[in-house]
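One gets our numbering by counting positions in the sequence shown from 1 and adding 28 to each. Every residue, glycine too, gets a C-beta built ideally from N, C-alpha and C.
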Amino acid sequence: MPGRLWCSVALIAGAAIGVVACRESAPPAPAAAQRRAAGDYDRTVLPIAEPKPPTYTELDARNAKPPARFEVKAPKGAPNVVIVLIDDIGF
29 MPGRLWCSVA LIAGAAIGVV ACRESAPPAP AAAQRRAAGD YDRTVLPIAE
79 PKPPTYTELD ARNAKPPARF EVKAPKGAPN VVIVLIDDIG F
């Protein structure tokens, strides 16, 4: 009987650890979206993702205005550094 109890406890503990390890992370804070709109991007994850394009409500293409061009520039005083991202090393 103690072996069966030990097995049950281990199974429940393993399931609990799996649930905790696989939970989704929280959505980004609204302050981060406001910083991105101001041009201060989160540079901890590369490449910097482009913002979602706006939805057009104008039906006439002659009156439609294109969205602002997405451009990332280095912050003031940043050193010249090149980062090479290699997708597949195992050719």
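Kindly indicate which residue of the options has the alpha-carbon position closest to the one of residue i.
i, options, result
"Glu99", "Pro79, Leu113, Gly105, Val109", "Pro79"
"Pro94", "Pro82, Pro103, Gly105, Lys101", "Pro82"
"Ala106", "Ala49, Arg97, Arg71", "Arg71"
"Pro103", "Tyr69, Asp88, Arg90, Leu39", "Tyr69"
Apart from the five residues just before and just after residue i, which ones in its own chain have a Cβ nearer than 8 Å to its Cβ?
i, result
"Ile111", "Leu74"
"Ala92", "Tyr84, Glu86"
"Phe113", "It is worth fixing the name first, because residue 113 is Leu in this sequence and not Phe. Closer than 8 Å at the Cβ level, and outside the excluded window around Leu113, lie Leu74, Pro75."
Quick one: what does DSSP say residue i is sitting in, helix, strand or coil?
i, result
"Arg51", "coil"
"Arg32", "helix"
"Leu39", "helix"
"Ile45", "helix"
So, for residue i: in the same chain, excluding its five sequence neighbours on each side, which residues have a beta-carbon less than 6 Å away from its beta-carbon?
i, result
"Ala65", "Confidence in Ala65 is poor, its pLDDT being 49 and thus under 50, which makes the residue's placement too unreliable to answer from."
Under 7 Å Cβ to Cβ from residue i, same chain only, skipping five residues before and after it: list those, please.
i, result
"Lys101", "none"
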